[in-house]
Each structure stands twice: as C-alpha cells, then as structure tokens.
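The block underneath contains the structure these notes are about, expressed in structure tokens.
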Amino acid sequence: MSPPIRLGMVGGGTGAFIGAVHRIAARLDGEFTLVAGALSSTPEKARESGEALGLARSYDDYVAMAKKEARRRDGIEAVAIVTPNHMHAGPAIEFLKRGIHVICDKPLTATMAEAKKLARVAEQAKALFILTHNYTGYPMVRQARAMVAAGELGRLRLVQVEYVQDWLTEPAERHGSKQAEWRTDPARSGAGGATGDIGTHAYNLACFVSGLTPEALAADLSVFVPGRALDDNAHVLLRFEGGAKGMLWASQVAPGNENGLRLRVYGEKGGLEWAQEDPNYLWFTPFGKPKQRLTRGGPGTVPDAARVTRTPPGHPEGYLEGFANLYAEAARAIRARQAGEAIPAEVTYPTIADGLAGMRFVEACVRSSGRNAAWVKL
0 MSPPIRLGMV GGGTGAFIGA VHRIAARLDG EFTLVAGALS STPEKARESG
50 EALGLARSYD DYVAMAKKEA RRRDGIEAVA IVTPNHMHAG PAIEFLKRGI
100 HVICDKPLTA TMAEAKKLAR VAEQAKALFI LTHNYTGYPM VRQARAMVAA
150 GELGRLRLVQ VEYVQDWLTE PAERHGSKQA EWRTDPARSG AGGATGDIGT
200 HAYNLACFVS GLTPEALAAD LSVFVPGRAL DDNAHVLLRF EGGAKGMLWA
250 SQVAPGNENG LRLRVYGEKG GLEWAQEDPN YLWFTPFGKP KQRLTRGGPG
300 TVPDAARVTR TPPGHPEGYL EGFANLYAEA ARAIRARQAG EAIPAEVTYP
350 TIADGLAGMR FVEACVRSSG RNAAWVKL
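For the sequence shown, numbering that gives the first Met the number 0 gives the first residue as 0, with consecutive numbering after it.
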C-alpha cells in the first residue's frame, strides 16, 4: 500500500457545493489526503474554512500556497481547483509550473485566451492536468464507449444528448444564490451560461462515448429570464466528421427537470441509451431484436466498466462514485509518473485537450447564435 497522495485545494470553502464533492471523491478510495488549501479569495474565510476542515496548512492566496508547498519536503503532490471558471487558469498555471499535478473542475477556463495560455503551460509541464468531466467516470458510460469502439453499433449515424435543469427558471442570481450569481455573470462564468455550465458536460459526454469529432455546429442560444446576462437555454445542431449528425439541448429553465443528462447513440446495427438519473443501466437495442437492459456489474460488463465498479448489481452507484473514479484514475496516473513509468493504457480521464474542445464548443455556439444560428466550423 502506497501512502495517500498529499492533496491541496484552491477554492471550496464554507458554503461551496463543488468543493465538498471533490473532497468526498478524493478520499473515497483512500488515494488522497487533504493537507493544505487556499479555500477562499477572502483571507478570513480561507482561514476559517481551513480550520473547519482541520487542514495542516491554510493559506490566504493560491500564489503563496504554490510557492511554499513546492519548497516543502512534505508539500502537496497534487492540487484540486474548485473555483468559479475565471479562477481556473491562474492557479493551474502556478501549480503546474512548479511540478504539482492539477485536478481542475470544468469548464477549462472563462475565456479562450486563458484556455490557450493554460494549454501551453500544461503541454510543457512535467505535472499532469486532469479535468473533472465527472460523467466520464460512470461505469455504464465506460460500457457504452467500449461497445461503440468495438463496432457493436456499426457505423454511427446519430448522436442525441441533452442536459436539462430547472433551477434558474426564476432569477435566483438576484435572490441570494451564490451558485447562480457567478454562473450568470460573464466576468466569472465566461461567454456561455447554460452552454458553458452544463452544455459542455453534454458535449463532452457525446464525444467521449461516440468517439466522433465534431466539425461544425449551428446554435440557437436564448435568454428567457429578463435581465439575465448569459444564455439559459441552448439548442445546437452538430455535424461530425464522417457524416454522422447530432443534436444537443442544454437548459436551466425547464421546470420539472433536476439533472436530466441523457445520451442516445444510433448506428447502422443498433442503438444505445443512457440516463444520468438512472445511471446503473444501459439500454442496447440491436436492430431488429428486442431491447436489452445492461446492468452495471452484471453479465456482459466489459473490463473498462468493471474496473470502475465498486459494488454488486442492485447497489446503486452514481454521482459521487463517478467523481471518485476520476480521482482514482488520477491517482494511478500520478503514481506512475512519480515512479518514472508509463501511465497504464486503461487509465482514462479528461485532459487539457478535452478542456480546449469544450471551450471551442462554447465559443462556436456564441458565434453561431450571434449570426442567427448560422453553421460555423469548430
């Protein structure tokens, strides 16, 4: 047994939802131990949050943290960045250039200029960069990806993906919701509202499972809540290399929906359906044959899915476990890098390239919508 990887965290202080999720995911398999953090841009809140979590070392800002931790013999080996989008690039660059591995929440950054700068640093750094598109960690998503790659659907024709919520149906950003405030603020969120927040998840999932490369899109972005600065609904048509077609719907103003991420992929020989709110099952329909329900951990589970499955069928695994699978993959990659070994081929996680793809998607959606939903190249 190797000792846990020493982990730091930037952001994620008191009241921050995603910080708690990352902390749970990081410790679920015992691969990481949180020892240091700069948990807030407000020094007092950063210290209070660090004390509440029992951190060995708490810092007022991430720059001081990066410098001091890099000089310590017992300094952090990896850092989780769980801030609003506009605060991803700065911390990631500071830690990467000091050889500290970065696990960063999505989307990559707030602007394409920041994304490109971060990508240049990441490509030259000795440290790894892992992006937490957490839905890629679900076992049945891995199952679907493997089945597509194995040709069980034949040549792909159609990809349908949607991520639908209702929590911004009213102007929550004007009624004290901190989560809504930054997500609807262009200065902190970037050019995309629902497009950047959940549309990038849908886009990443579609590409991850299908293995297809989008080449063009036509997007119609809407702002339904009066006075809101960023889109809260997006309808996007996609054209993939090779001729497949796709549709993506992202909305945060659809009453009755919580986290309705759903993917459907169809080829010449059959189709697959998966829904995040019922994630332990994958529906496979070979053309002309009855629909089959594939169960996480059940008969027919491929090695890629079995490797990230913790409990027997009938014991549900979901959001937190999917997140934890990415942390487990990150740990395997970090340990291999530390040992001077190649990262095992089966280890899978979103990279800086996936982050750039998401940023290009948002940029193209905004550009297309500004041209009355004209087709634009990615």
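Every residue, glycine too, gets a C-beta built ideally from N, C-alpha and C.
Would you kindly work out how many angstroms separate the C-alpha atoms of residue i and residue j, rounded to a whole number?
i    : j    : result
C206 : T212 : 7 Å
M8   : L38  : 7 Å
R370 : R70  : 51 Å
A341 : E122 : 16 Å
K116 : H85  : 13 Å
R182 : P302 : 37 Å
A109 : S188 : 6 Å
A352 : P285 : 33 Å
L6   : V34  : 6 Å
E68  : G74  : 5 Å
V372 : S221 : Here the sequence assigns Ala to residue 372, which means Val is not the residue at that position. Going by the C-alpha atoms only, they are around 11 Å apart.
E151 : R72  : 50 Å
V235 : E30  : 39 Å
K288 : G299 : 17 Å
I23  : G49  : 16 Å
M146 : K177 : 41 Å
L293 : G270 : 13 Å
G98  : A338 : 14 Å
Could you give the DSSP three-state label for residue i: helix, strand or coil?
i    : result
H234 : strand
I342 : coil
F283 : strand
V120 : helix
A201 : helix
K376 : strand
M111 : helix
L27  : coil
Are the CB atoms of residue i and residue j nearer to each other than 8 Å?
i    : j    : result
N258 : P349 : no
G457 : G321 : Because residue 457 is not part of the residues shown, which for the chain are 0 to 377, the question remains open.
G296 : P278 : no
I102 : T82  : no
L237 : L216 : yes
F283 : Q291 : yes
L247 : V160 : yes
M64  : E362 : no
G89  : S57  : no
S368 : A193 : no
R141 : V307 : yes
D165 : V252 : yes
Among all the DSSP beta bridges, which residues are the ones paired with residue i?
i    : result
R22  : Beta-bridge pairing links R22 to no other residue.
I129 : I102
Y265 : L157 and G270
F223 : Per DSSP, none; premise fails for F223.
Q291 : F283
G259 : V163
Can you tell me whether residue i sits near the ligand FMN, meaning its C-beta is under 7 Å from at least one heavy atom of the ligand?
i    : result
L127 : Among the components of this structure there are no ligands whatsoever, and the ligand FMN is therefore not found.
Those runs of the alpha helix (DSSP H) which lie wholly inside the region 36-66 and span at least 4 residues: 42-52
Contiguous beta strand (DSSP E) assignments of at least 3 residues, all confined to the region 152-186: 155-163
Entirely enclosed alpha helix (DSSP H) segments - the region 307-338, minimum 4 residues: 318-337
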